[in-house]
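Numbering (the numbering used here), first residue to last: 3 to 165.
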């Protein structure tokens, strides 16, 4: 979508068992009061995904949960219970996005990072590095930690992680 302001609505087709944890109360889920609450809000997470293209640790802080662009899009996200959803046997996702020009549907057949679609080494490395950067530890300590991890299963040197 070239212009996210053209989105009129996003509907997620969900398993009934997810509603109490990830969708209700809907007012709180569309405008999370805390970073912790945002982590359990599908409307917030969908909006973050559309706007920032990622939902890492930086997306769950006070500044992000008060970002007007995110909250505006989250206010357009609703759910519809899908009686055929496989939850809790499988974690699927279907979004129907309506814009001023058209409508499209995206479907995720299983939980990304789960047994049916494991993360790749590149995915894990990307997440590890993003988390490491979020930690604000020094570059020297990052190097020491990486050196320690490289030898963890062969000859670990715990002196490298004394920070």
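Think of the CB as a built atom: it goes at the ideal place given N, C-alpha and C, for glycine as much as any other residue.
Everything numeric in this text was worked out from a predicted model, so none of it was measured.
- Query: Can the beta-carbon of residue 9 be found less than 8 Å from the beta-carbon of residue 107?
  - Reply: For residue 9 and residue 107, no; Cβs fall outside 8 Å.
- Are the segment 33-44 and the segment 62-70 touching, with three or more C-beta to C-beta distances below 8 Å? Cβ pair count under 8 Å is three or more, so yes.
- Check the C-beta distance from residue 24 over to residue 42 and give it rounded, since I have them as a contact under 8 Å. Indeed they touch by this definition, with Cβ atoms about 6 Å apart.
- Task: Enumerate, from N- to C-terminal direction, the unbroken alpha helix (DSSP H) stretches of 4 or more residues contained entirely within the segment 76-156.
- Result: With a minimum length of 4 residues, the continuous alpha helix (DSSP H) runs that stay inside the segment 76-156 are 123-136, 141-152.
- Message: My assumption, with CB atoms under 8 Å, is that residue 75 sits in contact with residue 53. Please give the rounded CB distance.
- Response: With a Cβ gap of about 6 Å, residue 75 and residue 53 count as contacting.
- Task: Along the beta strand (DSSP E) that carries residue 14, what are the first and last residues, could you check?
- Result: Secondary structure note for residue 14: its beta strand (DSSP E) is the uninterrupted segment 9-16.
- Would the beta-carbon of residue 13 fall within 8 Å of that of residue 89? Result no, Cβ atoms of residue 13 and residue 89 do not sit closer than 8 Å.
- Query: So residue 16 and residue 45 are in contact, right, with Cβ under 8 Å, and what is the actual spacing, rounded?
  - Reply: The distance from the Cβ of residue 16 to that of residue 45 is about 11 Å, inconsistent with a contact at the 8 Å cut-off.
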